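Presented below is the structure to which this report refers.
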Amino acid sequence: LENYNLGLSFDPHNTIILTNRGFLRWDKLGDFKGALNDFNNALASDPKNSMCYALRGTLLLLPPFKNYKTALADLNQAIKLDSKNWRNYLTRGRIKESLGDIQGTGDDIKHAKKLLNEFPSLEPISDSDRKLIKKYLEW
């Protein structure tokens with residue numbers, strides 16, 4: 384965190400540093416509000432940062448936020464900016480499932496699986512992701 388803070392003292396609008404610090408705050412420190420602030424600032428500086436939209440949208444699914452509509456808007460924007468990222472479709476599918484949009488969920492999960500087949504991921508696929516994909520591929 385100190386290194387990110389130092390970097391931001393020289394370049395307070397650096398979207399890479401803001402995004403990485405936001406993820407660190409969320410993932411390692413449990414500082415969800417600080418992470419949201421960093422993601423908001425990064426997007427204010429670079430509104431075409433698809434990763435930051437995806438991260439903020441995923442963060443907004445968690446307590447204390449549970450803001451599914453804003454999370455959905457963020458994932459829609461992330462997909463608009465980067466339509467080849469399978470994880471964005473999977474996350475958006477989870478949001479749609481929470482909102483009761485089963486057809487939309489199935490469509491997103493199927494598209495995520497298609498992208499995984501076309502562009503194999505170096506990122507590990509979690510058991511919960513595999514279960515969700517399997518559930519909707521059988522649907």
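Position in the sequence shown counted from 1, then plus 383, gives you the working numbering.
C-beta: ideal position from N, C-alpha, C; glycine also.
As the structure is a computational prediction, the values presented were derived from the model and not from experiment.
Comparing alpha-carbon positions, which option in the options lies nearest residue i?
| i | options | result |
| --- | --- | --- |
| M434 | N468, L444, S481 | N468 |
| E480 | D465, E501, L444, N403 | L444 |
| R513 | Q486, L505, A495 | A495 |
| A523 | R470, T441, P447, P446 | Nothing about residue 523 can be read from this structure; the chain reaches only from 384 to 522. |
| L515 | N420, S504, I485, F502 | I485 |
| L458 | I478, P395, P507, D510 | I478 |
With residue i as the anchor, note down where its alpha helix (DSSP H) starts and where it stops.
| i | result |
| --- | --- |
| S481 | 469-481 |
| S509 | Note, S509: premise wrong, no alpha helix (DSSP H); not H, not E. |
| H494 | 485-501 |
| D421 | 415-428 |
| S433 | 433-442 |
| K452 | 451-464 |
| E385 | 385-393 |
| L401 | 398-410 |
Given a cut-off of 8 Å, decide if residue j and residue i are closer than it, judged by their beta-carbon atoms.
| i | j | result |
| --- | --- | --- |
| K493 | L520 | yes |
| L401 | A425 | yes |
| A418 | N471 | no |
| D429 | T398 | yes |
| L527 | L384 | Here the chain comprises residues numbered 384 to 522, so residue 527 is not present and cannot be evaluated. |
| D465 | R475 | no |
| F415 | R439 | no |
| L499 | Y451 | no |
Buried or exposed: which applies to residue i, given that a residue is buried once 16 or more other Cβ atoms fall within 10 Å of its Cβ?
| i | result |
| --- | --- |
| Q460 | buried |
| I462 | buried |
| L412 | exposed |
| N432 | buried |
| G405 | buried |
| L505 | exposed |
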